[in-house]
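Asker:
Residue numbers (the working numbering): 1158 to 1351.
Shown next, in the form of structure tokens:
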């Protein structure tokens, strides 16, 4: 954070970073709902995240406010538990964890950010915690519409000049290149690259 200029002096508040978590709830199947200890003990939490497609989560809720509640506030412990369920189940678990966390932790609001294909802010939504799932689903459709896409649906060869975390967690966005490469999950229908 300091490398981004986010210091206590600049922000005007303490910056605490550690991996301590508290269990604030549990889903019906026993999945624990975890929250960063500092955040759980704060007066209020404002969740901020980009809402966009995810490389390993399918369904109406992918990367957004609900995911930040689950993986961001739940830290490494909750992220590792979540990833054991596979892409087809993760979206539903993310939604349930976020809804439970919103009731059990001091979550005041969320800021959902949608970017265009150039990484510029296209839309900001300030919402109440109970609106996180609906907001994620609604803004995911808009984010998908604004996502960069290949201009052709069929290609013989795709040569990628640059890849990395800034584009996607896997380096290349599977929604753009049409390749998941996740065992047991079907590949997207388009684009088709020989």
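For every residue, glycine included, the Cβ atom is placed at its ideal position computed from N, Cα and C.
Since the structure is predicted, the reported quantities are computational estimates derived from the model, not experimental observations.
#1: Just how far apart, CA to CA, sit residue 1309 and residue 1192?
#2: Assign residue 1274 to one of two classes, buried (16 or more other C-beta atoms within 10 Å of its C-beta) or exposed (fewer than that).
#3: Apply the 10 Å Cβ neighbour rule to residue 1292 and answer buried if 16 or more other Cβ atoms are within range, or exposed otherwise.
#4: Using 8 angstroms for Cβ pairs, my map puts residue 1305 next to residue 1333. What's the rounded Cβ distance?
#5: With distances taken Cα to Cα, identify the nearest neighbour of residue 1271 among 1351, 1253, 1175, 1302.
#6: With DSSP run on the structure shown, which of helix, strand or coil describes residue 1185?
#7: How about residue 1225 and residue 1195: do their beta carbons lie closer than 7 angstroms?
#8: Checking 7 angstroms against the spacing of the C-beta atoms, do residue 1212 and residue 1326 come in under that value?
#9: In its own chain, which residues sit with a C-beta less than 7 angstroms from the C-beta of residue 1307, not counting the 5 before and 5 after it?
#10: Under the three-state reduction of DSSP, which class applies to residue 1191: helix, strand or coil?
#11: Quick check: residue 1294 and residue 1244, are their CB atoms within less than 7 angstroms of each other?
#12: Excluding sequence positions up to five away, which residues of its chain have a Cβ less than 8 angstroms from the Cβ of residue 1221?
#13: Classify residue 1267 as helix, strand or coil using the three-state DSSP reduction.
#14: Relative to the alpha-carbon of residue 1236, which residue among 1287, 1176, 1259, 1261 has its alpha-carbon at the smallest distance?
Answerer: Answer, in terms of the structure:
#1: In the chain shown, counting from the first residue as 1, residue 1309 sits at position 152. In the chain shown, counting from the first residue as 1, residue 1192 sits at position 35. Roughly 43 angstroms between the two C-alpha positions.
#2: Numbered from its first residue, the chain shown carries residue 1274 at position 117. With fewer than 16 other Cβ atoms within 10 Å, it is exposed.
#3: Indexing the chain shown from 1 puts residue 1292 at position 135. Residue 1292 should be labelled buried.
#4: Walking along the chain shown from the start, residue 1305 turns up at place 148. Walking along the chain shown from the start, residue 1333 turns up at place 176. So it is a contact: roughly 6 angstroms between Cβ atoms.
#5: To locate residue 1271, count along the chain shown from 1; it is residue 114. For residue 1271, the nearest C-alpha among the options comes from 1302.
#6: By 1-based counting over the chain shown, the position of residue 1185 is 28. Note: residue 1185 maps to coil in three-state DSSP.
#7: Start at 1 with the first residue of the chain shown, and residue 1225 comes out as number 68. Start at 1 with the first residue of the chain shown, and residue 1195 comes out as number 38. Cβ distance not < 7 angstroms, so residue 1225 and residue 1195 don't count as in contact.
#8: The residue labelled residue 1212 in the question sits at position 55 within the chain shown. The residue labelled residue 1326 in the question sits at position 169 within the chain shown. Contact: yes.
#9: Reading the chain shown from its first residue, position 150 is the one you call residue 1307. Excluding sequence neighbours, residue 1307 sits near 1333, 1348.
#10: Here the question's residue 1191 lines up with position 34 in the chain shown. In this structure, residue 1191 counts as strand in the three-state DSSP scheme.
#11: The count along the chain shown starts at 1 and reaches residue 1294 at position 137. The count along the chain shown starts at 1 and reaches residue 1244 at position 87. Their beta carbons are not under 7 angstroms apart, which means residue 1294 does not touch residue 1244 by this criterion.
#12: To locate residue 1221, count along the chain shown from 1; it is residue 64. Excluding positions up to five away in sequence, the list reads 1206, 1207, 1208, 1209, 1269, 1289, 1292, 1293, 1296, 1297.
#13: Within the chain shown, residue 1267 is the residue found at index 110, counting from 1. The answer is strand: DSSP assigns residue 1267 an E or B state.
#14: What you label residue 1236 is simply residue 79 of the chain shown in a count that begins at 1. Comparing Cα positions, the closest option is 1176.
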